[in-house]
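So the protein sequences, as listed, match chains A and B. Here the first sequence is numbered in the UniProt record's numbering, starting from 1 and rising by one per residue. Here the second sequence is numbered in the UniProt record's numbering, starting from 1 and rising by one per residue. Even glycine gets a Cβ: it sits at the ideal position worked out from N, Cα and C. The structure appears below as structure tokens.
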Amino acid sequence: MATLQLNQIVKRFDDTQIIKGVDLEVNDREFVVFVGPSGCGKSTLLRMIAGLESATSGDILIDGQRINDVGPADRGLAMVFQSYALYPHMTVEDNMGFSLRLAGVPKAERREKVREAARILQLEPLLDRKPKALSGGQRQRVAIGRAIVRNPSIFLFDEPLSNLDAALRVQMRIELARLHEELDATMIYVTHDQIEAMTMADKIVVLQGGVVEQVGSPMELYHHPRNRFVAGFIGSPKMNFLEVGVDHANSEGVRVRLPGGESCAIPVDGSDLATGSTLELGIRPEHLMLDDQGPMEGEIQVIERLGGVTSLYVRMGESMVTVTADGDVAHRVHDKVRFGFEPQRAHLFDSEGLALPTLHRHPLAGLNRQDNRAPSAANGQ
Amino acid sequence: MTTARTKPLASTSNQAAIKEGRHAAFMNTAARRRLGLTVLGWTIAGVIFFPIFWMVLTGFKTEAAAIAEPSLIFSPTLESYTAVHGRADYFKFAMNSVVVAFGSTLLALLIAIPSAYSMAFLPTKRTKGTLLWMLSTKMLPPVGVLVPIYLLFRDVGLLDTRTGLIIVYTLMNLPIVVWMLYTFFKDLPKDILEAGRMDGASTLQEVLFLLLPLTLPGIASTGLLSVILSWNEAFWSLNLTSSNAAPLTAYIASFSSPEGLFWAKLSAASTMAIAPILVFGWLTQKQMVRGLTFGAVK
Numbered sequence: 001m002a003t004l005q006l007n008q009i010v011k012r013f014d015d016t017q018i019i020k021g022v023d024l025e026v027n028d029r030e031f032v033v034f035v036g037p038s039g040c041g042k043s044t045l046l047r048m049i050a051g052l053e054s055a056t057s058g059d060i061l062i063d064g065q066r067i068n069d070v071g072p073a074d075r076g077l078a079m080v081f082q083s084y085a086l087y088p089h090m091t092v093e094d095n096m097g098f099s100l101r102l103a104g105v106p107k108a109e110r111r112e113k114v115r116e117a118a119r120i121l122q123l124e125p126l127l128d129r130k131p132k133a134l135s136g137g138q139r140q141r142v143a144i145g146r147a148i149v150r151n152p153s154i155f156l157f158d159e160p161l162s163n164l165d166a167a168l169r170v171q172m173r174i175e176l177a178r179l180h181e182e183l184d185a186t187m188i189y190v191t192h193d194q195i196e197a198m199t200m201a202d203k204i205v206v207l208q209g210g211v212v213e214q215v216g217s218p219m220e221l222y223h224h225p226r227n228r229f230v231a232g233f234i235g236s237p238k239m240n241f242l243e244v245g246v247d248h249a250n251s252e253g254v255r256v257r258l259p260g261g262e263s264c265a266i267p268v269d270g271s272d273l274a275t276g277s278t279l280e281l282g283i284r285p286e287h288l289m290l291d292d293q294g295p296m297e298g299e300i301q302v303i304e305r306l307g308g309v310t311s312l313y314v315r316m317g318e319s320m321v322t323v324t325a326d327g328d329v330a331h332r333v334h335d336k337v338r339f340g341f342e343p344q345r346a347h348l349f350d351s352e353g354l355a356l357p358t359l360h361r362h363p364l365a366g367l368n369r370q371d372n373r374a375p376s377a378a379n380g381q
Numbered sequence: 001m002t003t004a005r006t007k008p009l010a011s012t013s014n015q016a017a018i019k020e021g022r023h024a025a026f027m028n029t030a031a032r033r034r035l036g037l038t039v040l041g042w043t044i045a046g047v048i049f050f051p052i053f054w055m056v057l058t059g060f061k062t063e064a065a066a067i068a069e070p071s072l073i074f075s076p077t078l079e080s081y082t083a084v085h086g087r088a089d090y091f092k093f094a095m096n097s098v099v100v101a102f103g104s105t106l107l108a109l110l111i112a113i114p115s116a117y118s119m120a121f122l123p124t125k126r127t128k129g130t131l132l133w134m135l136s137t138k139m140l141p142p143v144g145v146l147v148p149i150y151l152l153f154r155d156v157g158l159l160d161t162r163t164g165l166i167i168v169y170t171l172m173n174l175p176i177v178v179w180m181l182y183t184f185f186k187d188l189p190k191d192i193l194e195a196g197r198m199d200g201a202s203t204l205q206e207v208l209f210l211l212l213p214l215t216l217p218g219i220a221s222t223g224l225l226s227v228i229l230s231w232n233e234a235f236w237s238l239n240l241t242s243s244n245a246a247p248l249t250a251y252i253a254s255f256s257s258p259e260g261l262f263w264a265k266l267s268a269a270s271t272m273a274i275a276p277i278l279v280f281g282w283l284t285q286k287q288m289v290r291g292l293t294f295g296a297v298k
């Protein structure tokens with residue numbers, strides 16, 4: 001049982017404000033991912049929760065207790081570092097048992113707890129090795145094991161997978177998700193990789209420039225980004241943005257003029273919009289469909305075939321648009337193609353980058369990762 | 001011609017042989033360069049070592065042979081060693097050197113480790129400036145502070161005491177020791193100490209269980225350097241000691257003045273004075289080199 005609450009957290013280094021007043025609530029057993037570009041303050045925020053960095057102002061509460069002035073060890077948290085930060089001069093067993101040794105736990109009990117964590121992570125054959133003799137993935141597992149042994153109320157992960165190669169990263173991602181289910185613990189995870197965020201999180205916190213841009217479930221962020229930044233950051237390939245003029249707008253929808261001259265009604269609330277103003281239309285590559293009757297036309301500049309899908313980079317006048325098409329699409333570079341989209345898939349952003357409210361909620365927007373589990377697993381202990 | 005030359009090298013490894021065959025011309029230049037550097041290295045080492053070699057040799061000559069035409073052929077004798085030993089108790093001086101060199105090193109490390117820790121891991125805006133200031137004190141000629149220190153020592157009764165010398169040597173080496181430890185500590189990833197903090201280590205435990213074991217090569221080479229510097233120090237030992245606390249540097253000096261220069265005896269005394277530190281340096285050279293290149297080759 002562990003909840004975390006951040007109230008108006010501010011961090012200042014000298015004269016620069018790194019974190020500009022963050023409010024956040026993390027529920028018990030939730031897997032929360034902080035995501036954002038480098039320098040957005042996500043690691044600093046995690047380090048403040050860990051106690052390795054002090055907050056300039058604001059409150060950090062664990063289970064309702066203010067812990068700003070409690071030392072890192074006494075907060076009952078464990079952290080997995082990006083560099084793993086294993087103790088190079090100790091064996092795997094000593095690495096994992098170090099916290100217990102410091103706490104004065106008797107040797108036999110220590111051994112038992114380390115073995116238990118090693119079993120969960122399949123590290124048993126490696127207990128006598130030094131970190132030097134381990135592969136990257138094994139080191140990562142030892143670092144996680146060291147955290148498990150402490151039996152923390154909250155696990156903190158600081159970009160734990162970024163030093164691994166792509167294949168191992170996918171494997172560890174699955175392993176972490178499995179671990180979260182097995183340990184049933186609250187976890188906070190920092191990454192710059194939106195795929196990690198989308199696949200593992202119950203709740204994603206998108207940060208930029210020390211400000212929380214949006215908090216929500218992965219599907220919520222994907223289907224209902226609050227602003228242009230979140231829309232561009234979540235999803236791969238990146239969302240296309242096109243400048244469009246407003247033909248007509250009211251609370252029932254907005255009719256915009258697409259590049260190329262065709263007009264299209266988008267189901268968003270446009271009550272405050274003036275006719276003739278310009279907006280940005282956001283549409284994801286996977287939501288653009290090749291269609292001979294489609295309202296937009298362009299010339300293919302680059303084709304990337306991934307087998308299952310093909311990315312087409314299409315020039316439309318001044319702008320480039322990415323279209324994710326079927327893997328078997330037969331087009332070639334310099335072909336002219338027409339394409340379109342379903343209006344409810346499109347987003348409109350005003351001059352400040354804020355999304356106009358959509359009129360229909362996506363049916364999966366409220367879904368979180370736990371809902372993917374079979375009902376018996378979700379209810380069972 | 002070139003292939004014949006690379007053949008003996010090729011026997012070491014098959015793959016290397018193929019590569020070397022392919023780049024025979026290049027390897028040839030590299031090998032020649034290597035040879036040149038080796039010769040240069042030995043020459044410089046020879047030039048540096050020659051005075052020591054000559055001193056050891058002179059110590060085994062008679063006084064007459066010592067001032068005669070320099071020659072490598074002579075009948076060795078221990079007469080200078082006997083004479084030197086009869087005049088002064090070598091072991092008393094040697095003991096002073098050992099106590100003072102190791103004592104000051106220990107004290108310097110004890111002070112420098114916490115200082116370097118805080119500078120490396122908890123730096124402030126002034127850390128760099130403090131380090132530079134500490135180093136700048138080494139640029140002051142020691143003789144500039146001789147009189148005040150002499151008077152101070154006289155008043156508190158530290159003249160001609162081992163304690164006095166230990167204090168002076170500690171202060172003398174502290175800037176270098178702090179500076180070296182600082183660079184070694186800086187090379188240690190901060191994450192490791194932070195992981196320790198998360199695991200519940202107090203600052204002292206962090207230093208004892210993580211920092212010290214992980215930077216031991218650096219600490220050892222710093223300590224060795226400090227021992228050697230203290231052992232070889234002559235200015236302060238000659239000025240602040242006379243008999244009770246006089247180390248080996250004072251022992252050598254005592255042979256140079258009163259009765260004119262007796263080269264053979266002086267050489268014998270010098271040989272005995274540098275012998276311990278030479279052996280010490282020889283035994284620890286691996287450690288020294290490893291420590292001094294610790295950061296560079298990581």
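{"Query": "Could you please give the first and the last residue of the uninterrupted alpha helix (DSSP H) stretch that includes residue 275 of chain B?", "Result": "263 to 283"}
{"Query": "Could you tell me which of B:177, B:125, B:111, B:154 sits nearest to residue 138 of chain B, measuring between CA atoms?", "Result": "B:177"}
{"Query": "For the candidate residues B:161, B:76, B:290, B:88, whose alpha-carbon lies nearest to that of residue 244 of chain B?", "Result": "B:161"}
{"Query": "Consult DSSP for residue 253 of chain A and reduce its assignment to one of helix, strand or coil.", "Result": "strand"}
{"Query": "Considering only their Cβ atoms, is the gap separating residue 58 of chain A from residue 26 of chain A smaller than 8 angstroms?", "Result": "no"}
{"Query": "Roughly how many angstroms lie between the CA atoms of residue 283 of chain B and residue 155 of chain A, to the nearest whole one?", "Result": "48 angstroms"}
{"Query": "Are any of the Cβ atoms in chain A nearer than 8 angstroms to that of residue 287 of chain B?", "Result": "no"}
{"Query": "Along chain B, in chain order, which residues have C-beta atoms closer than 9 angstroms to that of residue 79 of chain A?", "Result": "194, 195, 198"}
{"Query": "Answer with buried or exposed for residue 296 of chain B, where buried requires no fewer than 16 other C-beta atoms within 10 angstroms of its C-beta.", "Result": "Low confidence applies to residue 296 of chain B: its pLDDT is 43, below 50, so where it sits in the model is not reliable enough to give any reading."}
{"Query": "Grab the span of the alpha helix (DSSP H) containing residue 112 of chain A for me, first residue to last.", "Result": "107 to 120"}
{"Query": "Along the beta strand (DSSP E) that carries residue 223 of chain A, what are the first and last residues, could you check?", "Result": "It is not in any beta strand (DSSP E) - residue 223 of chain A instead sits in the alpha helix (DSSP H) that spans 218 to 223."}
{"Query": "Helix or strand or just coil, what does DSSP make of residue 206 of chain B?", "Result": "helix"}
{"Query": "Answer with yes or no whether the minimum CB distance from residue 98 of chain A to chain B is below 8 angstroms.", "Result": "yes"}
{"Query": "Run the CB neighbour count on residue 282 of chain A, radius 10 Å, all protein chains shown included, and call it buried at 16 or more, exposed below.", "Result": "buried"}
{"Query": "With H, G and I counted as helix, E and B as strand and the rest as coil, what does DSSP make of residue 75 of chain A?", "Result": "helix"}
{"Query": "Per the DSSP calculation, residue 218 of chain B is bridged to which residue(s)?", "Result": "The partner list for residue 218 of chain B (beta bridge, DSSP) is empty, contrary to what the question assumes."}
{"Query": "Between A:122, A:35, A:266, which has its C-alpha nearest residue 140 of chain A's C-alpha?", "Result": "A:122"}
{"Query": "Alpha carbon to alpha carbon, how far is residue 295 of chain A from residue 263 of chain A? Give it in angstroms, no decimals.", "Result": "8 angstroms"}
{"Query": "Starting from residue 213 of chain B, find everything on chain A with Cβ-Cβ shorter than 7 angstroms and list it in chain order.", "Result": "89"}
{"Query": "If you count every other CB in all the chains shown that lies within 10 Å of the CB of residue 203 of chain A, and 16 or more means buried, which is it?", "Result": "buried"}
{"Query": "Taking 8 angstroms as the threshold, find out whether the stretch 84 to 93 of chain B comes into contact with the stretch 265 to 275 of chain B through three or more Cβ pairs.", "Result": "yes"}
{"Query": "Would a check of beta-carbon distances place residue 218 of chain A closer than 8 angstroms to chain B?", "Result": "no"}
{"Query": "Within the 8 angstroms Cβ cut-off, does residue 189 of chain B reach chain A?", "Result": "yes"}
{"Query": "If you follow the alpha helix (DSSP H) that residue 42 of chain A is part of, which residue opens it and which one closes it?", "Result": "42 to 50"}
{"Query": "Can you find a C-beta in chain A that's less than 8 angstroms from the C-beta of residue 201 of chain B?", "Result": "yes"}
{"Query": "Where does the unbroken beta strand (DSSP E) through residue 282 of chain A begin, and where does it stop?", "Result": "278 to 283"}
{"Query": "Quick one, which of A:49, A:273, A:113, A:5 has its alpha-carbon nearest residue 350 of chain A's?", "Result": "A:273"}
{"Query": "Can you list, in chain order, the stretches of the alpha helix (DSSP H) that have 4 or more residues and sit fully within the stretch 287 to 318 of chain A?", "Result": "none"}
{"Query": "For the alpha helix (DSSP H) holding residue 180 of chain A, just list the boundary residues, first then last.", "Result": "166 to 183"}
{"Query": "Are at least three pairs of beta-carbons, each pair with one atom in the stretch 211 to 220 of chain B and one in the stretch 174 to 191 of chain B, less than 8 angstroms apart?", "Result": "yes"}
{"Query": "Contact check, residue 240 of chain B vs residue 102 of chain B under 8 angstroms by CB: the rounded distance?", "Result": "The Cβ separation is near 18 angstroms, so there is no contact."}
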